[in-house]
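Single-structure report; data block below.
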Amino acid sequence: MKGFNNFQNRSNNNHQGYGGGYHSGRQNHGNNSGYHNNNNSSTLGKNLNPVDWTNVKLVPFEKNFYKEHDDIRKLSSKEVKEIRDKHKITILGGDNIPNPVELINKIGFPDYVLKSLRNNNIVSPTPIQIQGWPIALSGKDMIGKAETGSGKTLAFILPAFVHILAQPSLKHGDGPIVLVLAPTRELAEQIRQECIKFSVESKIKNSCAYGGVPKGGQIYALRQGVHILIGCPGRLIDLLEQNATNLRRVTYLVLDEADKMLDMGFEMQIRKIVEQIRPDRQTLMWSATWPKEVQALARDLCKDQPIHVNVGSLTLTACRRIKQEIYLIEVIHLLLCN
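FYI, in my numbering the residues of the sequence shown are 702 to 1039.
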């Protein structure tokens, strides 16, 4: 590829809708991260057969919804550079990159998204949203590198809403349209809460799939039908092997904190999951670091040449706004306690 180096708590009231098969099975309990790290982890996914997509007639779908505002289209190269420099936005790769948009009313979001932003008192985009929203709305593959707490969740969730409502309605037996993979149950729940908060106007349904809790509630939610599934790889594979859901309708794939998922040993599971998703999907990867393992995964998952966006330091690893406190305890006190 040119320019890229050839590059889960039970169901809640938000779970309503359509379809999804159900096969009951043994409940599994894991740790709070939703990470399968047991003796059977090496066999996880062995019953998932890869799909030969060359023999599947794919139904066309729409993924480019971006209508550039006249004022944005008229920006000169110098003005575009000034905006990116001001917000510390660096483009590390990709072609035909949409211009950054600093004003929400010029992004081109439909009214229901704009209303949800107003209802949540969001009046201006963050740097990653300034560049990420136009890219995601354009249907392009994207690699985003930004701090935790930078607004990156909304950078992929709001375009996902637009994507979902442009697709045919879910039918009985359909799986989700949007799949978000996350390394931990905590992150998955954070993403889900953002989905709930901003989907009041659009009525988009979501659910989580992660370990550490019984599967029954998750299976029930999937059976009811969801537009967005946010999951940790281990539990998701478990549910796929039980035919609790399928990924045939997924056309918008997000990997959040991809580097952390690889650090936790999820690469094989991620690849098995993605084999179940049509190759002409839109893929968005988010990573705080850019090691060679993440680069290799990006090369394989992004079928189109991705636009690589960095916000802030090119060597960032975590949000600088996180406050750490260190307490010093004298050794004599420790000895007395013992």
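C-beta: ideal position from N, C-alpha, C; glycine also. Just so we're clear, the structure is a prediction, and the values are computed from it rather than from any experiment.
Asked, Found
"Through-space distance from Met986 to Ser908, alpha-carbon basis", "20 Å"
"Where the alpha helix (DSSP H) through Asn1011 begins and ends", "Counting along the chain, Asn1011 falls outside any alpha helix (DSSP H), though it belongs to the beta strand (DSSP E) covering 1008 to 1012."
"Pick from Ala959, Ala999, Ile836 that is closest to Lys764, judged by C-alpha positions", "Ile836"
"Status (buried if at least 16 other CB within 10 Å, exposed otherwise) for His730", "Low confidence applies to His730: its pLDDT is 36, below 50, so where it sits in the model is not reliable enough to give any reading."
"Under 7 Å between C-beta atoms of Ile878 and Ile931", "no"
"Any 3 or more C-beta pairs closer than 8 Å across the stretch 989 to 1000 and the stretch 773 to 791", "no"
"Whole-Å CB distance - Tyr767 paired with Ser839, under 8 Å assumed", "4 Å"
"First through last residue of the beta strand (DSSP E) which encompasses Ser908", "907 to 910"
"Classification of Pro761 by the beta-carbon crowding that lies within 10 angstroms, buried from 16 upward", "exposed"
"Beta strand (DSSP E) segment containing Trp991, residue limits", "Premise fails: Trp991 is in no beta strand (DSSP E) and is neither H nor E."
"Extent of the continuous beta strand (DSSP E) to which Tyr953 belongs", "953 to 956"
"Beta strand (DSSP E) runs wholly inside the stretch 877 to 903, at least 3 long, in chain order", "879 to 882"
"CB of Gly1013 within 7 Å of CB of Lys787, strictly", "no"
"Same chain, Cβ closer than 7 Å to Arg982, five either side skipped, listed in chain order", "Val951, Thr952, Tyr953, Leu954"
"Cβ neighbour criterion (16 or more within 10 Å) applied to Val901", "exposed"
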